[in-house]
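Residue numbers (numbering that gives the first Met the number 0), protein chains in the order written: chain X, 0 to 354; chain C, 0 to 310.
Inspection log for the structure reproduced underneath, given as structure tokens.
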Amino acid sequence: MSIPETVPTAGRSRARANGWAKSILRFLVIIVTTYLGLLAVTFFIGRVIPIDPVLAVLGDRAPAHVVERTRELMGFNKPLYEQFYIYVRDALTGNFGTSVLTTNPVMSDIRRVFPATLELATLGTIIGSLIGVPLGVLAAVKRGSIADQIVRVVGLVGYSVPIFWLALLSLLFFYAKLRWVAYPGRIDIVYEYSFTPITGLYLLDSLWQGQWDVFRDVFRHIILPAGLLGYFSLAYISRMTRSFMLNELGQEYIVAARAKGLSETRIIWGHALRNAAVPLVTVIALSYAGLLEGSVLTETVFAWPGLGLYITNSLQNADMNAVLGGTIVIGSVFIAINILSDLLYRTLDPRTRAR
Amino acid sequence: MSQSTLQTTPMTCRQWLMSDRPQSRLQARLGRAYMTWQRFSANKLAVAGLCIILLLILIAIFADVLAPHSPVIGNLGGARLLPPGSPGYLLGTDDQGRDILSRLLHGSRLTLLVIVLVAIIAAPIGLLVGAISGYAGGWVDAVLMRITDIFLAFPKLVLALAFVAAMGPGIQNAIIAIAITSWPPYARIARAETLSVRNSDYIAAVRLMGASPFRIVLRHVMPMCMSSLIVRVTLDMAGIILTAAGLGFLGLGAQPPLPEWGAMIASGRRFILDQWWVATMPGIAILIVSLGFNLLGDGLRDALDPRESGQ
């Protein structure tokens, strides 16, 4: 408040530039330390906790000289800090080693499976926001009514139900009993070899190529897992929307808008929701990150060939390189979304910009 | 005169509790607890949640008495995959002829073990980090909070998966993994509470009396953080149960033949098309318990922490 008075007009722009430089520096520090932290934790998990990683690779029957050579090859004879330096360098260049299970470099495996997870989580978030936001608005406007109670229960169940169990039951019901959706997997075996994806996002690819029958099939495969993930983000989004909307509807500008004679629809959707939208962007971004992670369990049930299934398959085969690579990729996306949502919040909310 | 005291006897107990001039520390504490209970019990759903949790604890204690069959030894000869409602097997049996009800009752012990241990490990870590961070300020605060934020930015389930993968599957490792990934929010809460009491007069008075920073944090700051922390831990319980069940479902939690609910769902997966109850029943148990914790947590938040409830 008092800053504009003490800073002379000529120095104000320099002060602002200084502020910008400072906040950019702060962001850089946050990004670097967070990423280093992620790498340190995964390094600890992969290299320090296992009693002997060499034994984990070779088995306990290997002769002594082989063990010694492998130890050197894997760099375990070096001091820990040097190992960590090499680990960070490799991770930054996208080199996570070779997967024992697929014998491919982990990075190329991840590049192959990641679009499937991305498509699933994106569609899930779209479904969750398109239904969750209106439900939250409805609950806030009709506070205390039956509709509010129903939205509350739907949200509570979403918070409390194990996702893999709901996935199994919905598969039993919608696939086995009703035959509304296709069996687990991403695409029918008929199209598996005739359809060549471009981006790896099958819905977009089939639309782009104008293959309507493929699009229909892909849609029948994705709708159930995406719908389930959507339900989980809906639970979170509707609850947060409700509390943001209640907060906005209690403000004085709403009273002023009513006094002006604006229609209730205009007040709710044009004025209140518009202000509630700023924190909502953060909430939706965070739930998107949560779905990327939540897809681990969902993908296992739906045999969805994404990053989650890749990680769990590697887990079951003690393929540590693949597990760590997958963890680092999901962690990086998580961190990126966190920082992006923070930045977005700053640009959307003029109050945080002023300072 | 004596008549009037007799008539108001039922009231005096309440008046004693509600007194705004308590004569002893005990009276003040009981009075506060009574008012909190009044606020809490006005919320029917919260009381329902509390009942579910109490029931879970009772079942866990008396599982041996309540369970009609052994949770691990089944009747392979005559009772494989019986549907619910079969004589002697209320919820049916699984592929090894084990009574699902008995397994669920015994599994409540594992669920309770997981949440209690995670709470015992994670909450004190978070409390200590947050209280020290908030009280010390300066670079200690900056470093501790940076570490907390780093952990907050991690995907919890995936990190827990990687931990268990490195340490080997098992219920202890699952508990450690969940605890390691769940302390940061507690540190944040404890720090916020500490900042709000740090410059208050009673802390200044204690400091003036020569108390060491260690004693101040331990005896005078941490107790102030407790109510928010309890609320948050209760709300997190449902998430902890779901994570533990998820690890169990992936085969990384409790190992067979332990009747862990998530692992029971995984083993029922193969029969889902024809014997739906094997996978369905444990899921209902998980749903009820985590719903109970969510309801209880919401109620506690409204009763203990009216600011936070947003109403």
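Positions of the beta carbon are idealized from the N, C-alpha and C atoms, including for glycine.
Since we're looking at a predicted model, the values are computed, not measured.
- Within 9 Å of the CB of Ile48 of chain X, the CB atoms of chain C belong to Phe162, Ala165, Met166, in sequence order along the chain.
- Listed in chain order, the alpha helix (DSSP H) runs fully inside the region 293 to 322 of chain X are 306 to 315, counting runs of at least 4 residues.
- At least one C-beta of chain X is nearer than 9 Å to the C-beta of Ser289 of chain C.
- From the listed residues C:Trp182, C:Met221, C:Met166, the smallest Cα separation to Thr193 of chain C is found for C:Met221.
- The region 117 to 125 of chain X makes contact with the region 277 to 290 of chain X, as at least three CB pairs between them are under 8 Å.
- Shown here for Pro258 of chain C: same chain residues with a beta carbon closer than 6 Å to its own, the five before and five after excluded, namely Pro70, Arg102, His105, Gly106 in chain order.
- In this structure, the CA atom of Ala255 of chain X is about 51 Å from the CA atom of Pro212 of chain C.
- The residue from X:Tyr84, X:Leu38, X:Arg13, X:Gly269 with its alpha-carbon nearest to that of Leu323 of chain X is X:Leu38.
- DSSP, reduced to helix, strand and coil, places Tyr88 of chain C within a strand of the structure shown.
- Between Val160 of chain X and Leu109 of chain C, the alpha-carbon positions lie close to 18 Å from each other.
- Using a Cβ distance threshold of 9 Å, Gly184 of chain X and Trp303 of chain X count as a contacting pair.
- Boundaries for His68 of chain C: no alpha helix (DSSP H) harbours it, and the DSSP string shows neither H nor E there.
- Three or more beta-carbon pairs drawn from the region 152 to 164 of chain C and the region 24 to 40 of chain X are found closer than 8 Å, and the two stretches are therefore classed as touching.
- In this structure, Leu233 of chain X sits near Ile130 of chain X, with a CB-CB distance shorter than 9 Å.
- Taking a Cβ-Cβ threshold of 9 Å, none of the residues of chain X is close to Trp182 of chain C; the smallest such distance is about 13 Å.
- Secondary structure at Pro104 of chain X: strand, using DSSP grouped into helix, strand and coil.
- Neighbours of Ala237 of chain C across chain X, judged by C-beta separation under 7 Å: Tyr158, Ser159.
- When the five nearest sequence neighbours on each side are left out, no beta carbon in the same chain lies closer than 6 Å to the beta carbon of Ser331 of chain X.
- Bridge partners of Thr97 of chain X according to DSSP: X:Pro104.
- The DSSP-derived three-state label of Asp93 of chain C is coil.
- Look at the beta carbons and you see the region 231 to 239 of chain C touching the region 169 to 187 of chain C: at least three pairs across the two are nearer than 8 Å.
- If you draw a straight line from the Cα of Leu137 of chain X to the Cα of Leu291 of chain X, it is about 28 Å long.
- Contact check between the region 341 to 349 of chain X and the region 271 to 281 of chain X: three or more CB pairs, one atom from each, fall below 8 Å, which counts as touching.
- The three-state secondary structure of Asp148 of chain C, taken from DSSP, is helix.
- Nearest CB-CB separation between Asp200 of chain C and chain X: not below the 9 Å threshold.
- Secondary structure at Asp348 of chain X: coil, using DSSP grouped into helix, strand and coil.
- With a cut-off of 8 Å on Cβ pairs, the region 203 to 223 of chain X is in contact with the region 184 to 194 of chain X, counting three or more such pairs.
- Of all residues in the region 36 to 63 of chain C, none is placed with a Cβ closer than 8 Å to any Cβ belonging to chain X.
- Annotation: Ile56 of chain C to Trp207 of chain X spans about 57 Å, alpha carbon to alpha carbon.
- In the three-state reduction of the DSSP assignment, Asp59 of chain X falls in the coil class.
- Tyr80 of chain X and Gly74 of chain X have their alpha carbons spaced roughly 11 Å apart.
- Within the same chain, Cβ atoms closer than 7 Å to the Cβ of Ala121 of chain C are found at Ala178, Ser181, Trp182, Tyr185, the five residues on either side in sequence being excluded.
- Taking 9 Å as the cut-off, the beta carbon of Leu272 of chain X is found no closer than this to the beta carbon of Arg268 of chain C.
- Interface annotation, Phe163 of chain X: in contact with chain C, CB-CB separation under 9 Å.
- For Gly131 of chain X, no Cβ of chain C is located within less than 9 Å of the residue's own Cβ.
- For Val115 of chain C, the uninterrupted alpha helix (DSSP H) run begins and ends at 99 to 135, by DSSP.
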